[in-house]
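Structure first, then comments.
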Amino acid sequence: MIGIGVDIGGTFVKLFVMNEHGEIFRKEKMETDYSRGAKGFIAQIGDFINAIQQEFPDQRVAVAVGAPGDVDNQRGILRYNPNLKFKDVEDWPLAEMIKKHTGVIPCIANDATLAAWGVYEADLKRQGTNILVITLGTGVGGGLIINKELYQGSNGTAGEIGHTKIADIATGPLCGCGARGCLESFVGTIGIKRRVMDAVFDDPSSELAKLVNAEKDFKVELVSRAAERGCKSALKVWEDTGYYLGIGIANFTLVLDMDTVVLTGGVSGAAKFFMPALKRVLEHQQIQTPFKRLKILVSQNPNIGGVGAAMYAIYHAQKDHTLCK
Numbered sequence: 006m007i008g009i010g011v012d013i014g015g016t017f018v019k020l021f022v023m024n025e026h027g028e029i030f031r032k033e034k035m036e037t038d039y040s041r042g043a044k045g046f047i048a049q050i051g052d053f054i055n056a057i058q059q060e061f062p063d064q065r066v067a068v069a070v071g072a073p074g075d076v077d078n079q080r081g082i083l084r085y086n087p088n089l090k091f092k093d094v095e096d097w098p099l100a101e102m103i104k105k106h107t108g109v110i111p112c113i114a115n116d117a118t119l120a121a122w123g124v125y126e127a128d129l130k131r132q133g134t135n136i137l138v139i140t141l142g143t144g145v146g147g148g149l150i151i152n153k154e155l156y157q158g159s160n161g162t163a164g165e166i167g168h169t170k171i172a173d174i175a176t177g178p179l180c181g182c183g184a185r186g187c188l189e190s191f192v193g194t195i196g197i198k199r200r201v202m203d204a205v206f207d208d209p210s211s212e213l214a215k216l217v218n219a220e221k222d223f224k225v226e227l228v229s230r231a232a233e234r235g236c237k238s239a240l241k242v243w244e245d246t247g248y249y250l251g252i253g254i255a256n257f258t259l260v261l262d263m264d265t266v267v268l269t270g271g272v273s274g275a276a277k278f279f280m281p282a283l284k285r286v287l288e289h290q291q292i293q294t295p296f297k298r299l300k301i302l303v304s305q306n307p308n309i310g311g312v313g314a315a316m317y318a319i320y321h322a323q324k325d326h327t328l329c330k
């Protein structure tokens with residue numbers, strides 16, 4: 006069996022072709038092309054799927070698509086996403102459009118949800134029972150494995166840790182979703198950048214300020230470079246990031262009693278700087294039982310979303326499922 010994983014992002018789309026043994030036959034990265042509208046974009050993905058079907062005519066081809074935002078996994082519809090700039094769609098019927106172009110009924114799920122399956126299969130080798138995977142980037146997403154199965158909730162929105170509230174909903178920092186006080190507004194790259202700019206203003210002679218002022222575009226990697234050089238301002242930014250992330254993880258753990266939390270995405274590359282503060286938050290929880298055996302890990306696979314989508318496509322096709330349910 007062949008699994009095609011499609012990981013849709015606001016800037017790029019990653020496509021992976023794998024078999025049931027985890028072998029990767031092909032991986033491609035293409036720009037998210039807005040010039041031809043939503044139909045043209047889906048046609049581009051459909052052409053890729055059709056080419057793979059022609060390449061493997063004797064094998065069943067299964068497809069899973071990870072989409073950023075609010076996904077109706079039962080009907081294969083992307084209900085809402087602030088980061089995709091297609092203006093000609095509302096309640097985007099991804100499954101229907103891809104089926105029309107390819108004849109394949111794809112599995113549609115939130116991108117962080119499929120990344121969680123990739124972590125579970127590829128990184129953890131299915132070790133662990135209840136797992137939270139947190140994607141740390143511009144946005145902060147989450148995916149859940151509960152009792153060794155992908156858990157998407159009643160509406161397909163389970164795992165949205167980034168939009169749980171850790172500050173006042175009236176006065177907290179503004180999140181990309183339009184609300185205030187979300188975890189994402191503290192530990193996503195936009196929230197980190199806000200604290201960096203405050204730090205640069207407070208200490209314009211710091212190593213962090215020099216690196217930020219020397220670059221046109223802000224990159225989280227600059228904060229890590231300054232921290233490597235012992236910059237107190239940069240180290241404080243990461244310490245605060247760990248503190249806020251620790252609060253978010255503590256809240257989820259108290260509700261779900263997970264055994265493993267896995268961090269992935271660009272911000273997770275700075276884990277060595279923010280992990281001590283994160284763990285201190287967990288160690289100071291009054292109810293300690295769910296934290297005593299909790300493992301906090303970092304995924305080293307930058308393509309875990311696409312890999313997870315391909316693996317999940319195969320997993321569900323083998324169980325004779327057609328849509329993510």
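Sequential numbering of the sequence shown, starting at 6, is according to our numbering. All C-beta atoms, glycine included, are put in the ideal place defined by N, C-alpha and C.
Under a 10 Å Cβ-count criterion, threonine 194 is classified as buried, with 16 or more other Cβ atoms of the shown protein chains found around its own Cβ.
Measuring C-alpha to C-alpha distances from leucine 259 to each of Gly45, Pro281 and Gln293 identifies Gln293 as the nearest. Around the beta carbon of histidine 289, fewer than 16 other beta carbons sit within 10 angstroms, so the residue counts as exposed. For glycine 193, no alpha helix (DSSP H) segment is defined, and its DSSP state is neither H nor E. Following the DSSP letters along the chain, one finds arginine 31 inside the beta strand (DSSP E) bounded by residues 29 to 36.
Glycine 186 and lysine 198 do not touch by the CB rule: their CB atoms are close to 18 Å apart, not below 8 Å.
If you draw a 10 Å sphere on the C-beta of histidine 26, you find fewer than 16 other C-beta atoms in it, and that means exposed. Here the stretch 200 to 208 makes contact with the stretch 239 to 247; the two share three or more CB pairs at distances below 8 Å. Here threonine 140 is buried, its C-beta having at least 16 other C-beta atoms within 10 Å. Taking a cut-off of 8 Å for Cβ pairs, the stretch 90 to 101 and the stretch 144 to 151 do not touch, as fewer than three such pairs fall below it. Rounded to whole angstroms, the separation of the alpha carbons of tyrosine 249 and asparagine 256 is 11 Å.
One Cα belongs to valine 124, the other to valine 138, and the distance between them is close to 8 Å. Taking lysine 297 as reference, the option from Gln305, Ser304, Asn306 and Val286 with the minimal CA-CA separation is Val286. At the C-beta level, isoleucine 29 and valine 22 come within 9 Å of one another. Put simply, the backbone Cα of isoleucine 166 is about 14 Å away from that of glycine 181.
Burial state of methionine 263 is buried, judged by a 10 Å Cβ sphere holding 16 or more other Cβ atoms. Take the alpha-carbon of glycine 270 and the one of glutamine 58: they are about 31 Å apart. DSSP places isoleucine 150 in the strand class (E or B) of the three-state scheme.
Setting aside the 5 residues that flank it on each side, phenylalanine 278 is surrounded in the same chain by Ala232 and Trp243, each with a C-beta closer than 6 Å to its C-beta; the list follows chain order.
The residue among Tyr85, Phe61, Lys224 and Asp128 with its C-alpha nearest the C-alpha of valine 312 is Asp128. Excluding the 5 residues flanking it on each side, alanine 318 has same chain C-beta neighbours closer than 8 Å at Gly8, Ile9, Gly10, Ala67, Val68, Ala69, Pro111 and Cys112, in chain order. The alpha-carbon separation between alanine 43 and isoleucine 54 amounts to approximately 17 Å. Scanning the stretch 217 to 241 from its first residue to its last, the whole alpha helix (DSSP H) runs of 4-plus residues come out as 225 to 233. Its Cα nearest to that of glutamine 49, the residue Lys34 stands out among Ser211, Asp63 and Lys34.
One alpha carbon belongs to glycine 310, the other to glycine 14, and they sit about 10 Å apart. Cβ-Cβ distances below 8 Å link valine 109 to Ile54, Gln58, Val66, Ala67, Val68 and Ile103 in the same chain, with the five nearest sequence neighbours on each side left out; the list follows chain order. The C-alpha of alanine 72 is placed about 16 Å away from the C-alpha of tyrosine 39.
Of Leu179, Asn115, Asn135 and Gly74, the smallest CA-CA separation from alanine 314 is found for Asn115.
Within the stretch 31 to 74, the complete beta strand (DSSP E) segments at least 3 residues long are 66 to 72, listed from N- to C-terminus.
Glutamine 291 counts as exposed, since fewer than 16 other beta carbons sit within 10 angstroms of its beta carbon.
Of the candidates Gly253, Ile136 and Val217, Val217 places its Cα closest to the Cα of alanine 239. Annotation: the continuous beta strand (DSSP E) that includes lysine 19 extends over 17 to 24. Closest in C-alpha terms to alanine 184, from the list Met6, Asp52, Phe46 and Pro87, comes Pro87.
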